[in-house]
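To keep things clear, I will list the structure first and then write my remarks on it.
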Amino acid sequence: MRYLPPAFFLVLLLFSSLRAFSQTDGQPLFTFGVMTDVQYCDCDNAGTRHYRSSLRKLGEAVQTFNQEKVAFVTHLGDFIDRDFRSYDTLNTIVKPLNAPIRHVLGNHDFSVRQEEIARVPATLQLKARYYSFARASWRFIVLDGNDLSVYGNVTTSKAHKQATRTLESLKAQQAPNAQPWNGGLGDKQLKWLEGELKSAVRKSEKVVVFCHFPLVPANDQHNLWNHQAVKALLESVPNVRAYFNGHAHQSSYHTDKGIHYITFRGMVEQEENGFALVEVYNDHLKIDGYGAEPDRILK
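Shown next as structure tokens:
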């Protein structure tokens, strides 16, 4: 065996360490921004909700996203708290964004007059209430958790009547999430979600799901009405990596069967800001939290 000096092994160890670092913490494939529950209205503070302060905080987030040159920004629902005119104020603030904003619909986004409900998606530049898009072998699926709800559809619609029956059934079961400010996915959207997941498998795409409402823990009062069915669908394929939501206003993390579930902090909470950058790598996601939003590494 040829003799190798000790210095050789030091160089080899250093090279191996640098190679491992480059594979896991090198340059991300891309970065995107996340914020949720801006929930602005021209209203006095109510408890921990500082409504008017959301304007300043949203402006700070936009500036950061532009500085970091994100590929896109997602807002996980409840852009407004109430009053359709609030959309004009917020849309003016996000207009300078250099990246597209991908809105997720929340319950407060429909806290408008009956005749204004149908106008909400277009006001948020949405062609559909649920949709997907892909980037660099990652697929992002955006769900509409208000599809089946008593507030997201006009009171004379079949969807509203079905939602009323569903809510009554959940109340009869004493389900913790039997709340009028929650909603669920209708049968058509569930079928669409199943098709999106299967398509992602065929294309070898890793999946991140965006929705306003959480799926876990099972007894959470903020959960999507049919959280069990949606969670089972996500678990039926091997490539779902993460599920991002808002609604509960407090940051939390759970993992189950290889899927990371993240609830992001509501921007409307208190005076301290809260939003995040998400760096996307081949084998993990890195969340860089700002203000009250914590850092996380999702391996």
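When the letters of the sequence shown are read in order and numbered with mature numbering (1 follows the signal peptide of the UniProt record, and there is no 0), they come out as residues -22 to -1, 1 to 277. Using N, Cα and C, we set each Cβ at its ideal position, and we do this for glycine too.
Which residues mark the beginning and the end of the beta strand (DSSP E) in which residue i is found?
| i | result |
| --- | --- |
| Y231 | 230 to 234 |
| G269 | 263 to 269 |
| W159 | From DSSP, W159 is part of no beta strand (DSSP E); its letter is neither H nor E. |
| E257 | 252 to 258 |
| W116 | 116 to 120 |
| L276 | 274 to 276 |
Taking Cβ to Cβ, would you say residue i is nearer than 7 Å to residue j?
| i | j | result |
| --- | --- | --- |
| V185 | Y221 | no |
| N223 | F191 | yes |
| E183 | S127 | no |
| P158 | N197 | no |
| Y109 | V120 | yes |
| G123 | C19 | no |
| residue 280 | S229 | A query on residue 280 cannot be resolved here, the shown segment of the chain reaching from -22 to 277 and no further. |
| F62 | Y129 | no |
| K235 | E213 | yes |
| V12 | V256 | yes |
| S64 | I58 | yes |
| H238 | V194 | no |
| V40 | F10 | no |
Using CA coordinates, which residue listed in the options is at the minimum distance from residue i?
| i | options | result |
| --- | --- | --- |
| L104 | E94, S115, V82 | V82 |
| residue 278 | L211, N201, K139, N155 | Shown here, the chain extends from -22 to 277; a query on residue 278 therefore has no answer. |
| A100 | R80, I119, F118 | R80 |
| A106 | D125, V258, N44, E146 | D125 |
| L276 | A270, V258, Y268 | V258 |
| H86 | Q17, E38, T42 | Q17 |
| R113 | G269, T67, V132, L7 | L7 |
In the DSSP assignment, find the alpha helix (DSSP H) that holds residue i and state where it starts and stops.
| i | result |
| --- | --- |
| S110 | No alpha helix (DSSP H) holds S110; the beta strand (DSSP E) holding it covers 109 to 113. |
| I240 | Unbroken run through I240 is the beta strand (DSSP E), 237 to 241; no alpha helix (DSSP H). |
Residue i: buried (16+ other C-beta within 10 angstroms of its C-beta) or exposed?
| i | result |
| --- | --- |
| K264 | buried |
| R27 | buried |
| Q1 | Caution is warranted here: a pLDDT of 41 is assigned to Q1, below 50, making its placement in the model unreliable, and no coordinate value can be reported. |
| A226 | buried |
| F111 | exposed |
| V90 | buried |
| R143 | exposed |
| N76 | exposed |
| P(-18) | Since pLDDT at P(-18) reaches only 48, below the 50 mark, its modelled position is unreliable, and no value is offered. |
| T52 | buried |
| S32 | buried |
| E271 | buried |
Please report whether the beta-carbon of residue i lies at a distance below 7 Å from any beta-carbon of chain D.
| i | result |
| --- | --- |
| Y239 | The structure shown contains no chain D; it holds only a single protein chain. |
Check: Hey, which unbroken runs of the beta strand (DSSP E) at 3 residues or more fall wholly within the stretch 2 to 52?
Finding: 8 to 13
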